[in-house]
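Visitor:
In the UniProt record's numbering, the protein residues as written are 1 to 117.
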């Protein structure tokens, strides 16, 4: 079980929030393609995902920070399962515990301070 303080810590980073938001609507997501598509479907250009660099079609532009920091933290909390060789992130065993909270953030993104999503 993820306690509230740990959840807020996990949601503090843009990359982690993006992944959890995408997984609310999909069982799994390709990294980075899923994050780029999420940004585009929200009305922005694919390179406008928070903190996400423009890739110019290069999939090798996956930030090292995402691979070495953010995905491991989400996996350690059992929120995601990460298949590194396939580049796929899917819902983890504890995802259902935090999904309602993430959905509240999405529904209220325009009324919350800052650039949450």
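Even for Gly, the Cβ is constructed at its ideal location relative to N, Cα and C.
(1) Taking all protein chains shown into account, decide if residue 114 is buried (16 or more other Cβ within 10 angstroms of its Cβ) or exposed.
(2) Taking the C-alpha atoms as reference points, what is the distance between residue 65 and residue 109?
(3) Compute the distance between the beta-carbons of residue 92 and residue 79, then report whether it is under 8 Å.
(4) Would residue 71 and residue 89 be called neighbours here (beta carbons separated by less than 8 Å)?
(5) Can you tell which of 22, 28 and 74 has the C-alpha that lies nearest to the C-alpha of residue 9?
(6) Spatial neighbours of residue 77 within its chain, please: C-beta separation below 7 Å, excluding the five flanking residues on both sides.
(7) Using a Cβ-Cβ cut-off of 6 Å (strictly less than) and excluding sequence neighbours within five positions of residue 17, which residues of its own chain qualify?
(8) Pick out whichever of 22, 82, 32 and 100 has its Cα sitting closest to the Cα of residue 4.
Guide: So, to answer that:
(1) Under the 10 Å beta carbon count, residue 114 is surrounded by fewer than 16 other beta carbons and is classified as exposed.
(2) Counting only the Cα atoms, residue 109 lies some 25 Å from residue 65.
(3) Contact flag set, yes.
(4) Yes.
(5) Of the listed residues, the one whose Cα sits closest to residue 9 is 74.
(6) Here the set comprises 2, 6, 10 and 94.
(7) The answer, listed in chain order, is 11.
(8) The option with the nearest alpha carbon to residue 4 is 100.
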